[in-house]
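**Student:** Can you keep this structure in mind? I'll have questions shortly.
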DNA sequence: CCGGGCCGGGGAAGGGCTTTCTCTGCGGTA
DNA sequence: TACCGCAGAGAAAGCCCTTCCCCGGCCCGG
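Protein chains in written order, with our numbering: chain A, 1 to 354; chain B, 355 to 708.
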């Protein structure tokens with residue numbers, strides 16, 4: 001690789017001058033030398049060594065984000081928001097996928113610290129795991145102690161700047177929505193119990209049902225992976241155990257899509273026999289059939305806000321921005337049927353399917 | 355930030371020894387010093403400066419990939435394959451989104467070069483743009499000249515190692531499939547004409563139709579963005595101009611989903627009135643309604659192969675791996691209806707919709 | 001008893017860049 | 001004419017780490 005001194009030598013100037021031309025330093029350089037340098041750069045196809053630059057420069061320009069999985073639309077949207085603000089401020093964004101592995105998450109914090117990023121953003125649910133939380137907070141504290149900035153999205157456990165989607169309120173909206181439609185036999189297709197996002201949404205849902213005197217027994221909540229196939233599995237388990245359900249709450253849209261797939265495979269009409277409601281409102285939600293009723297979270301906005309917090313010098317007190325959830329009514333929910341709606345697969349005859 | 359010399363000082367050893375302990379060098383260090391160093395590392399929460407390490411070490415460990423957009427499932431799948439192989443070989447993957455902007459793509463090549471990556475992988479369609487192609491090849495050549503490795507996915511323009519999905523054969527499969535089902539009035543919802551992926555698929559389609567004596571007039575091909583909304587727009591234009599179409603070919607699945615959405619909004623039954631076929635087989639294809647018939651490309655495999663090529667020292671001759679396409683029949687295609695199937699929105703009376 | 005070889009450890013030279021400081025030479029002012 | 005100041009260029013000191021090379025002990029063999 002050509003180096004700066006190669007360029008300088010070829011242009012017949014000192015490395016200092018070459019550097020000044022290349023970086024557009026404030027220090028003036030005569031037009032002639034400037035041109036000689038630029039010509040040398042072009043001829044040698046010179047590209048500065050980014051690592052050497054970072055080492056020599058004082059201020060850090062990159063920002064890191066740790067998500068569960070960018071190819072999950074939920075994080076893809078958040079990342080879009082992060083990216084937008086980062087780019088606006090001339091910063092590079094490094095994306096790390098933890099694939100929901102807490103250990104990997106810890107490793108990535110170290111990695112990003114080693115990369116000298118200006119800020120670390122943690123997106124995605126936290127874990128109910130005291131040891132992990134302590135370890136993570138230690139690492140983050142160490143990072144912050146050396147001037148690093150930290151912002152989190154949707155995590156209670158960190159005490160600094162945070163953007164919080166109102167998962168609990170969203171859960172309440174789901175409960176209210178279904179209650180109004182007359183549903184009383186409600187099953188929940190939930191993500192891993194260890195994720196705070198799961199429990200927050202569930203808590204909200206329970207709260208609103210409780211307000212109407214309904215309870216949500218444990219056997220009507222099935223935990224599985226937070227993805228399409230998890231949704232299929234949990235829905236199947238739910239229906240097998242309790243064929244009388246009239247509504248299924250999926251705690252995210254991916255699972256809801258799995259639920260729809262399973263219901264279709266069992267020829268259960270949605271929403272005539274069973275209503276399905278999701279959570280997040282990812283873009284594909286409007287394109288499945290029936291179009292998915294869901295709780296919308298302002299994902300892009302969440303990303304953008306988090307990046308702004310991370311790049312802002314930071315107030316003394318931690319800033320927490322709570323972003324509201326709202327119901328988006330589409331075609332997968334409807335009034336509860338009046339008769340037992342789901343026939344067990346084996347059963348062949350009987351009951352009109354009004 | 356604590357530095358290596360901080361650690362060394364605290365442990366009462368030289369930086370050289372500290373470095374050896376931390377990196378597990380082959381040079382032996384007595385147990386006592388080793389422990390002192392490790393304790394100091396823990397106490398100071400020391401993390402090596404990755405940039406300094408890269409500068410000091412000779413060999414490059416990171417690999418860069420430039421995709422159009424990772425949040426597009428097509429690239430998400432490819433990236434998954436890349437990632438898997440990279441991780442297996444202990445390498446870090448840096449992902450860059452060009453958002454289909456050729457200039458940004460050029461910039462990212464420079465950026466990755468500056469980052470001293472061991473290899474650059476270009477995923478996603480090339481462009482019909484001679485100037486851009488020349489510029490890109492120059493930059494890549496310069497990179498390769500300094501020992502960098504390059505592999506491309508689905509691009510003809512680069513002469514080195516490549517993984518090529520067989521887009522043209524895939525196009526032919528689409529044509530054959532629809533012809534067999536009796537479709538003669540076929541419209542194409544195409545991506546930007548400037549992308550080679552678009553033209554390759556189109557060429558294949560034309561070939562197979564021509565083999566049956568059919569032609570594909572220009573007005574039955576509508577170009578738009580390669581995404582859902584592009585699919586909506588192009589399908590609308592197609593149907594408005596030519597209500598007699600019995601089949602719509604979308605040149606990728608995102609556009610196909612847009613096509614389905616538009617058809618649904620116009621109450622056109624799929625596949626009874628109009629068949630829809632996509633391309634790529636992204637995961638969501640099976641979950642839309644009707645489930646999408648499409649041409650499957652082994653996306654993850656493509657990524658994995660490309661990374662293997664990139665990390666392999668490389669033969670003298672460029673290696674090109676062509677991966678086959680195959681039709682996945684689902685529910686969005688069916689026999690062509692016998693009577694004119696689509697009534698213009700405005701028209702109210704007439705023709706039975708058998 | 002002395003010299004060579006080996007082992008554990010440190011000194012110091014980079015690696016490529018930025019930036020401060022220094023130096024030169026010029027123009028302007030008294 | 002003498003001096004001051006400044007613009008423009010270069011020398012060199014880092015930034016933090018790795019690794020080559022060397023050094024001092026020790027053990028062993030001659």
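The beta-carbon is built from N, C-alpha and C at its ideal position, and this holds for glycine as well. Values in this document were obtained by computation on a predicted structure and should not be read as measured data.
#1: Have a look at B:503, B:416, B:543 and B:520 and flag the residue whose alpha-carbon is nearest the alpha-carbon of residue 469 of chain B.
#2: Assign residue 606 of chain B to one of three DSSP states: helix, strand, or coil.
#3: Where residue 467 of chain B and residue 675 of chain B are concerned, what is the direct C-alpha to C-alpha distance, given to the nearest angstrom?
#4: Can you give me the start and stop residues for the beta strand (DSSP E) that residue 515 of chain B sits inside?
#5: Would you be able to state if there are at least three C-beta pairs under 8 Å between the stretch 603-621 of chain B and the stretch 219-228 of chain A?
#6: Enumerate, from N- to C-terminal direction, the unbroken alpha helix (DSSP H) stretches of 4 or more residues contained entirely within the stretch 219-244 of chain A.
#7: Specify, as a first and last residue, the run of the alpha helix (DSSP H) that residue 97 of chain A falls within.
#8: I want to verify the contact list: residues of chain A whose CB lies under 7 Å from the CB of residue 615 of chain B, in sequence order.
#9: Taking its Cβ as the centre, do 16 or more other Cβ atoms sit within 10 Å of residue 703 of chain B, making it buried, or is it exposed?
#10: What does the alpha-carbon distance come out to for the pair residue 344 of chain A and residue 106 of chain A?
#11: If you draw a straight line from the C-alpha of residue 57 of chain A to the C-alpha of residue 313 of chain A, how long is it?
#12: For residue 481 of chain B, which three-state DSSP category applies?
#13: For residue 75 of chain A, which residues from the same chain have a beta carbon less than 8 Å from its beta carbon, with the 5 sequence-adjacent residues on both sides left out?
#14: Can you find the residues in the same chain that come closer than 6 Å, C-beta to C-beta, to residue 180 of chain A, ignoring five residues on each side of it along the sequence?
#15: Mind checking if residue 413 of chain B is an interface residue toward chain A, Cβ cutoff 8 Å exclusive?
#16: Classify residue 629 of chain B as helix, strand or coil using the three-state DSSP reduction.
#17: Would the beta-carbon of residue 551 of chain B fall within 8 Å of that of residue 514 of chain B?
#18: I need the boundaries of the alpha helix (DSSP H) containing residue 541 of chain B, first residue and last residue.
#19: Going along chain A, which residues have a C-beta under 7 Å from residue 402 of chain B?
#20: Using a Cβ cut-off of 8 Å (strictly closer), state whether residue 527 of chain B contacts chain A.
#21: Output the distance between the C-alpha atoms of residue 383 of chain B and residue 407 of chain B, rounded to the nearest integer angstrom.
#22: If the cut is a Cβ gap below 7 Å, which residues of chain B does residue 51 of chain A touch?
#23: So who's on the other strand from residue 407 of chain A, going by DSSP bridges?
#24: Residue 505 of chain B and residue 677 of chain B look like a contact to me (Cβ under 8 Å); what is the Cβ gap, rounded to whole Å?
#25: Check residue 461 of chain B in the structure and name its three-state DSSP category.
#26: Assuming residue 418 of chain B is part of the beta strand (DSSP E), what are its boundary residues?
#27: Residue 1 of chain A versus chain B: which residues are under 7 Å apart at the beta carbon?
#28: I need the straight-line Cα distance from residue 300 of chain A to residue 77 of chain A, nearest angstrom please.
#29: So, does the CB of residue 631 of chain B fall closer than 8 Å to a CB anywhere in chain A?
#30: Should residue 94 of chain A be labelled buried (16 or more other beta-carbon atoms within 10 Å of its own) or exposed?
#31: Look at the alpha carbon of residue 250 of chain A and the alpha carbon of residue 683 of chain B, and state the distance between them as a whole number of angstroms.
#32: Tell me, please, which residues DSSP counts as bridged to residue 11 of chain A.
#33: What does residue 284 of chain A reach in chain B if we use C-beta pairs closer than 7 Å?
#34: Of the choices B:436, B:452, B:394 and B:454, whose alpha-carbon is the least far from that of residue 446 of chain B?
#35: So that I know if they touch, is there some Cβ in chain B lying closer than 8 Å to that of residue 293 of chain A?
#36: Would you kindly check if the distance between the Cβ of residue 102 of chain A and the Cβ of residue 325 of chain A is under 8 Å?
**Tutor:** Straight from the coordinates:
#1: Measuring from the Cα of residue 469 of chain B, the nearest candidate turns out to be B:416.
#2: Reduced to three states, the DSSP call for residue 606 of chain B is coil.
#3: One C-alpha to the other measures close to 25 Å.
#4: Following the DSSP letters along the chain, one finds residue 515 of chain B inside the beta strand (DSSP E) bounded by residues 515-519.
#5: Counting Cβ pairs under 8 Å, fewer than three are found: no touch.
#6: As far as the stretch 219-244 of chain A is concerned, its whole alpha helix (DSSP H) runs of at least 4 residues are 228-241.
#7: First-last for residue 97 of chain A: 93-97, but that is the beta strand (DSSP E), not the alpha helix (DSSP H).
#8: Per Cβ cutoff of 7 Å: 287.
#9: Reliability of the predicted coordinates at residue 703 of chain B is poor, the pLDDT of 38 falling under 50, and no value is obtained from them.
#10: With a pLDDT of 46 at residue 344 of chain A, under the threshold of 50, the modelled position of that residue is not reliable, and the figure given next carries that caveat. Distance from the CA atom of residue 344 of chain A to the CA atom of residue 106 of chain A, rounded to whole angstroms, is 46 Å.
#11: Taken atom to atom, the span from the alpha-carbon of residue 57 of chain A to that of residue 313 of chain A is near 19 Å.
#12: For residue 481 of chain B, the three-state secondary structure derived from DSSP is strand.
#13: Here the set comprises 67, 68, 69, 123 and 124.
#14: So the list is empty, once near-sequence residues are dropped.
#15: Chain A, which has no Cβ nearer than 8 Å to the Cβ of residue 413 of chain B, makes this no.
#16: DSSP places residue 629 of chain B in strand when its eight states are reduced to three.
#17: Judged by beta-carbon spacing, residue 514 of chain B lies beyond the 8 Å limit of residue 551 of chain B, meaning their Cβ atoms are not closer than that value.
#18: Annotation for residue 541 of chain B: no alpha helix (DSSP H) segment contains it, though the beta strand (DSSP E) segment containing it runs 540-544.
#19: From the beta-carbon of residue 402 of chain B, the residues of chain A found nearer than 7 Å are 114.
#20: By this cut-off, residue 527 of chain B is not an interface position.
#21: In this structure, the CA atom of residue 383 of chain B is about 21 Å from the CA atom of residue 407 of chain B.
#22: By Cβ distance, chain B contributes 405, 408, 409 and 470.
#23: This structure does not reach residue 407 of chain A, given that chain A is present from 1 up to 354, and the question cannot be answered.
#24: With 8 Å as the limit, residue 505 of chain B and residue 677 of chain B do not qualify as a contact, their Cβ atoms being about 14 Å apart.
#25: The DSSP-derived three-state label of residue 461 of chain B is helix.
#26: Boundaries of the beta strand (DSSP E) around residue 418 of chain B: 417-421.
#27: Residues of chain B passing the Cβ test: 500.
#28: Distance between the alpha carbons of residue 300 of chain A and residue 77 of chain A: 5 Å.
#29: Taking 8 Å as the CB threshold, residue 631 of chain B stays off the interface with chain A.
#30: It is buried - the Cβ of residue 94 of chain A has at least 16 other Cβ atoms within 10 Å.
#31: Roughly 29 Å separates the two Cα atoms.
#32: According to DSSP, which records beta bridges pairwise, residue 11 of chain A is partnered with nothing at all.
#33: Ordered by position in chain B, the residues that pass the 7 Å Cβ test against residue 284 of chain A are 638.
#34: Nearest C-alpha to residue 446 of chain B: B:436.
#35: Under the Cβ criterion of 8 Å, residue 293 of chain A is not counted among the residues facing chain B.
#36: Cβ atoms of residue 325 of chain A and residue 102 of chain A: not closer than 8 Å.
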